[in-house]
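All remarks here apply to the structure that follows.
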Amino acid sequence: MLALLACARAAAQEGGSPPLRDYAIDVWTSRNGLPHNSLRDIAQTPEGHLWFATWEGLVRYNGLDFTVFDRSTRPGLLDNGVGALLVDRQGGLWISDSRGNITRRSADGRWQVWKRQDDTPQVLVQAMHMDSHGRLWLLYEGKGVGYLGPDGQMVYQPPPPDLPLALNFTKLVVDAQDRVWIGTLDGLVLREADGELKRAPAAWDLGRGLVWPYRAPDGVMWIVGGERIYRMQDDVPQLMHRLPGQIHLTAMLQDRHGDLWLGTENQGLLRISRHGLERLPAGLNLPGGRVVSLREDAEGSIWVGANGGLYRLRETLFASYTERDGLSGDYIRTVLEDHARGLWVGSASGLDRRAPDGHFAPVILHNRGGKAPSVLSLAQGRDGDVWVGTFGDGVFRLDAQGKPKHTFDTSDGMPGGNVRAISIDARGEVWAGTQKGVVRIDAQGVSVPRVPGMPGGLVTALAHDRQGNLWIGTIEGIKVLRGDHVQSIDLAPLGGGRSVFGFQQIGDAMWISSDRGLYRYQDGKLSRVGLEQGMPVDTVFQLVPDRVGNVWISSNRGVLRTDMGMLNEVADGRAPRVDVERYNEIDGMANSQANGSSGPAALLRQDGTFWVVTAGGLSTVDPLRLQRFRERLAPPAAIESVQVDGAPIHWEGAERNHIEGGRRLTVSFVGLSYLMSERIRYRTRLEGLDNGWVERGQQRSVEFIGLPPGTYTLHVSAAHPGGAWSDSEAVWNFSVEPFWWQRHSVQAVAALLLLAALVALYRFLINRYKRSNIRLAKLVDEATRDLQAQTVHLQALNSEKTQLVDRLALQSEQFERQAREDALTGLPNRRAFDETLARDFARSQRSGHPLCLVVLDVDHFKAVNDQYSHSVGDVVLAEVAQLLASACRDSDMPARTGGEEFALLLNDTRLDEAEQVCARLHGLFHAHPDWAGIADLRVTFSAGLVELDATDRTPKLLYQRADRALYSAKRDGRDRTSVG
13 MLALLACARA AAQEGGSPPL RDYAIDVWTS RNGLPHNSLR DIAQTPEGHL
63 WFATWEGLVR YNGLDFTVFD RSTRPGLLDN GVGALLVDRQ GGLWISDSRG
113 NITRRSADGR WQVWKRQDDT PQVLVQAMHM DSHGRLWLLY EGKGVGYLGP
163 DGQMVYQPPP PDLPLALNFT KLVVDAQDRV WIGTLDGLVL READGELKRA
213 PAAWDLGRGL VWPYRAPDGV MWIVGGERIY RMQDDVPQLM HRLPGQIHLT
263 AMLQDRHGDL WLGTENQGLL RISRHGLERL PAGLNLPGGR VVSLREDAEG
313 SIWVGANGGL YRLRETLFAS YTERDGLSGD YIRTVLEDHA RGLWVGSASG
363 LDRRAPDGHF APVILHNRGG KAPSVLSLAQ GRDGDVWVGT FGDGVFRLDA
413 QGKPKHTFDT SDGMPGGNVR AISIDARGEV WAGTQKGVVR IDAQGVSVPR
463 VPGMPGGLVT ALAHDRQGNL WIGTIEGIKV LRGDHVQSID LAPLGGGRSV
513 FGFQQIGDAM WISSDRGLYR YQDGKLSRVG LEQGMPVDTV FQLVPDRVGN
563 VWISSNRGVL RTDMGMLNEV ADGRAPRVDV ERYNEIDGMA NSQANGSSGP
613 AALLRQDGTF WVVTAGGLST VDPLRLQRFR ERLAPPAAIE SVQVDGAPIH
663 WEGAERNHIE GGRRLTVSFV GLSYLMSERI RYRTRLEGLD NGWVERGQQR
713 SVEFIGLPPG TYTLHVSAAH PGGAWSDSEA VWNFSVEPFW WQRHSVQAVA
763 ALLLLAALVA LYRFLINRYK RSNIRLAKLV DEATRDLQAQ TVHLQALNSE
813 KTQLVDRLAL QSEQFERQAR EDALTGLPNR RAFDETLARD FARSQRSGHP
863 LCLVVLDVDH FKAVNDQYSH SVGDVVLAEV AQLLASACRD SDMPARTGGE
913 EFALLLNDTR LDEAEQVCAR LHGLFHAHPD WAGIADLRVT FSAGLVELDA
963 TDRTPKLLYQ RADRALYSAK RDGRDRTSVG
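Be aware that the sequence shown starts at 13, since it is given in the numbering used here, and climbs by one per residue.
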């Protein structure tokens, strides 16, 4: 088996490019920053920049921004109409224009111009190619050929009248023998090494129509004549391909796989590969008109310049299917492979089925409103019937050909809402997860399992294990129906998992996809692999193992891939972290947002390919092609511009730049990759300042202000998201010049002058010290006598201060006591009582401990004052306070709250216990003889008693309830306690 897999992998790696429909396509026009939509030529310089020739100037592209060079820029061109581009062996870029001028931009960014000479045509130079002698051959539109020699002189060769160079096409190449090949609308013309211009040999039988040459990167010469394509072998053209129909070929490219890409006049782009003659899928809305130029970049992408704009095809790991491939909608929710290897795709727009020829066709389903239902789940029984769960339209049962047999809805007992999961057991019974739990569909119809513990809410996943147990995923954890009982598995204690989206049994372990990563349930134990263990996202939807040891995991942020053995090691605790690769749109996915909470959300087909549903279509990958894409090259970094105080400077070249001190230095850079360029990460290191690399995220510039004098080297490195840092760094050397006072010579003279000044100052200070020493001795004696007198005075003041502080402390203590204590009774006053009530109220609400409040008022106290005097009344109040204090525990609080009113706060006391306290107080009052020393003076009280309950939201509400109970006691005859 391993040998077969190894052979399959090798075949996949050597199989060349994928079908043309699997390429991702990106489009740019003048709306995206191009100055003109017609692109005559495309080139890529060694550092990685792409260059485009347009009628409105030369365009440089870094993957993010288009930079235009024309007559208005500095550096600039002599003419805006650019005809052709060529990159020489030194990395220089040659540019021709529509007035016969030639410009070269060297690898260090310097521009040199060769203006057309008086004896050379003032027309568009359509093509350029360099021979082995360093001569740059030029094809003048309708005027023949010439060259720019190494000495800088232009040499023009007028065409003989018998040659059709007035009808020349836009193609000129130089072969290995330095022969110049020229395409025309009336056959092929050659310029031999001896300088003779002539038609191609008649024996070649190329015809007299449109014929033009192409030299492939491997040096092989090709000839295109009409719909025929020839390959030169032993200096003889061999017919390799004959295209069907009337096709006018206008451009050609041989890529790194050996495939031929063909541009046409009005039929778009073609390719000849191991897949045959291929055309791009219809309906792509690509730029129209003639395909003028083709270029393969360093990353293997194909760039196409047409009269209507620019587009790029890039080979990706994933292939995707969308509405343009026949799907009913792009928002895919579920995918199923049936027993006959047919593919069923459920989306928000209905259900589709893939035919054997690869095309998708809708399965005709209608809900009660006559519209296609939104499909959330799919399953197939042993009888071949396909079960379809929908959003709000019940469950459809179809035969193997997609013909509806029955719809189970609310009239059959199905709960309303959506059906996100379906699982079929070994007996053929269908289990459906609804918004109101799980239902079973069998020959008797729809029924709800009456097993204690079954979930009654939204079900998001279902799966039967090999023992026949039903695993149920909900938004509140997992339930497992094991025969006649239900097991609950709580994910929350281990990482906080709650919502479950998928199950996958591997061996004797059940893997669970959740909103907190992956869980493994094995031998009754739960383990987790989540963010803390290296997973790049929290929420994952479906785990699918393939046949070569990979595990594919769908998520909201792309598809993750890791190794099954590594997952188990982390789950066992034998490894700290899992290594994960993440794939998204850059890898060909229709959308990085994979969908979940539906099922199946991903699957492995019988042919070994992995399929996943996304918010933008259906995506698939063949794991055997993984090795080819696994190591994406890191983008080379390039410095784009350098500014000093906002003004650009020329920074390129081997010479070190010298920057004046105190300036603001701004360096802009870019990672030259054209695959999701906006997500490239950067880091910088400034030798001479930084000790290590500084991560910059996606920031594309760095600024330095006031660098100290010295020599510096700036290093810039780039990386794709999650990828390794590029070894191809951008490096810039510069130095910061010192200010005049920072120069060594100035500093040496200044040091000598400073030393002489210090010596003179030293001598002056010594003499002054001697003279001052005598005066200081006298001053010290006088000062000593003054200090002794001041010391005696300060000691007296300190003693007075200490006495004053003691008196103030005593007085402060008295004031504090007076502020919180009733002066007459010695009990806490209303302020102290309110603070204690608020504190105990909050404590009781937190802890649930009981709390009772008694508010009491001395009965007929006004009569005591009126009959016996206020001084007697004060004595009565003091005796009342003594009785209250004597009847209270240490944890209780008696207080005088005003006049003849008192309060009693009883902590940790139930209502019945508080009633006993009040009864005891009544007894003490009745038994008290001779109140205030007056015989037969009887004093009683009325009280309101309440216990804290849930309606008492504030201490004030509790007190108001007690106060109302007090008034109730007074109304009922006084000398009693009323419970509120």
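By construction, the Cβ of each residue, glycine as well, lies at the ideal position given by its N, Cα and C atoms.
What did DSSP end up calling residue i once you bin it into helix, strand or coil?
| i | result |
| --- | --- |
| Asn113 | coil |
| Ser856 | helix |
| Met466 | coil |
| Cys930 | helix |
| Gly428 | coil |
| Gln517 | strand |
| Phe873 | helix |
| Ala473 | strand |
| Arg43 | helix |
| Phe746 | strand |
| Gln25 | Note that Gln25 scores 39 on pLDDT, short of 50, meaning its location in the model is unreliable; the coordinates nonetheless yield the value given after this. The answer is helix: DSSP assigns Gln25 an H, G or I state. |
| Trp216 | helix |
| Phe845 | helix |
| Trp943 | helix |
| Ile344 | strand |
| Ala999 | Past the edges of the chain, shown from 13 to 992, lies residue 999, and the structure says nothing about it. |
So, under 8 Å CB-CB, residue i and residue j are touching, yes? Tell me the CB distance rounded to an integer number of Å.
| i | j | result |
| --- | --- | --- |
| Met426 | Gly449 | Their Cβ separation, rounded to whole angstroms, is 11 Å, which puts Met426 and Gly449 out of contact at 8 Å. |
| Trp356 | Arg345 | The pair is not a contact, with the Cβ atoms about 12 Å apart (cut-off 8 Å). |
| Gly280 | Leu261 | The Cβ separation is near 12 Å, so there is no contact. |
| Val471 | Thr446 | 6 Å |
| Phe845 | Thr909 | 6 Å |
| Gly570 | Gly542 | About 17 Å separates the two Cβ atoms, so there is no contact after all. |
Have a look at the options and flag the residue whose alpha-carbon is nearest the alpha-carbon of residue i.
| i | options | result |
| --- | --- | --- |
| Arg86 | Arg932, Ala659, Gly275 | Ala659 |
| Pro31 | Ala947, Val39, Asp163, Arg283 | Arg283 |
| Asp131 | Pro229, Val870, Asp584, Val167 | Val167 |
| Val624 | Tyr343, Asn49, Asp575, Arg589 | Tyr343 |
| Arg191 | Ser500, Asp267, Lys183, Glu204 | Glu204 |
| Arg586 | Arg540, Ala614, Ser631 | Arg540 |
| Val592 | Pro733, Met244, Ile376 | Pro733 |
| Gly457 | Leu616, Ser423, Lys210 | Ser423 |
| Glu891 | Ala263, Ala875, Ala331, Val870 | Val870 |
| Leu292 | Ser305, Arg594, Trp273, Leu895 | Trp273 |
| Leu136 | Leu148, Ser144, Asp120, Lys155 | Lys155 |
| Thr551 | Gln517, Leu538, Glu581, Ala606 | Ala606 |
| Leu255 | Ala801, Gly238, Asp206, Arg243 | Gly238 |
| Asp143 | Val185, Gly207, Ala947 | Val185 |
| Glu544 | Val560, Arg532, Ile524, Val582 | Val582 |
For residue i, I'd like the list of residues in its chain whose CB is within less than 8 Å of its CB, leaving aside the five on either flank, ordered along the chain.
| i | result |
| --- | --- |
| Tyr724 | Leu698, Glu699, Gly700, Leu701, Asn745, Phe746, Ser747, Val748 |
| Gly992 | Gly956, Leu957, Val958, Arg973, Ala974, Arg976, Ala977, Ser980 |
| Gly489 | Ser500, Ile501, Asp502, Leu503, Ala504, Gly509, Arg510, Val512 |
| Leu14 | Because the pLDDT of Leu14 is 28, which lies under 50, any placement of that residue in the model is unreliable, and the number read from its coordinates should be weighed accordingly. Hits under 8 Å: none found. |
Using a Cβ-Cβ cutoff of less than 6 Å, which residues in the same chain neighbour residue i once the five nearest sequence positions on both sides are dropped?
| i | result |
| --- | --- |
| Arg286 | Gly28 |
| Asn603 | Thr626, Ala627, Gly628 |
| Tyr694 | Arg708, Ala730 |
| Phe751 | Gly673 |
| Ala614 | Gln554, Val556, Ser566, Val624 |
| Tyr73 | Leu62 |
| Leu325 | Tyr35, Ile37, Ile314 |
| Leu572 | Ile565, Val592, Arg594 |
Please confirm if residue i has its CB atom under 8 Å from at least one CB of chain D.
| i | result |
| --- | --- |
| Leu202 | Annotation note: the requested chain D is absent from the structure, which comprises a single protein chain. |
For residue i, which residues from the same chain have a beta carbon less than 7 Å from its beta carbon, with the 5 sequence-adjacent residues on both sides left out?
| i | result |
| --- | --- |
| Leu16 | In this prediction, Leu16 scores a pLDDT of 29, lower than 50, which makes its location untrustworthy; the coordinate-derived value is nonetheless stated afterwards. Excluding sequence neighbours, Leu16 sits near nothing in its chain. |
Following a CB-centred definition, is residue i positioned closer than 7 Å to any heavy atom of the ligand ZN?
| i | result |
| --- | --- |
| Ile490 | This structure lacks the ligand ZN; in fact it carries no ligand of any kind. |
Beta strand (DSSP E) runs contained entirely in the stretch 145-194, provided each spans 3 or more residues:
148-152, 156-160, 166-169, 180-186
Which runs of the beta strand (DSSP E) fall wholly inside the stretch 534-614 and span at least 3 residues, in chain order?
537-541, 552-557, 562-567, 570-575, 593-595
Inside the stretch 710-737 only - beta strand (DSSP E) runs reaching at least 3 residues:
713-717, 722-731
Which runs of the beta strand (DSSP E), 3 residues or longer, sit entirely within the stretch 238-295?
240-245, 248-254, 261-266, 272-276, 281-285, 288-291
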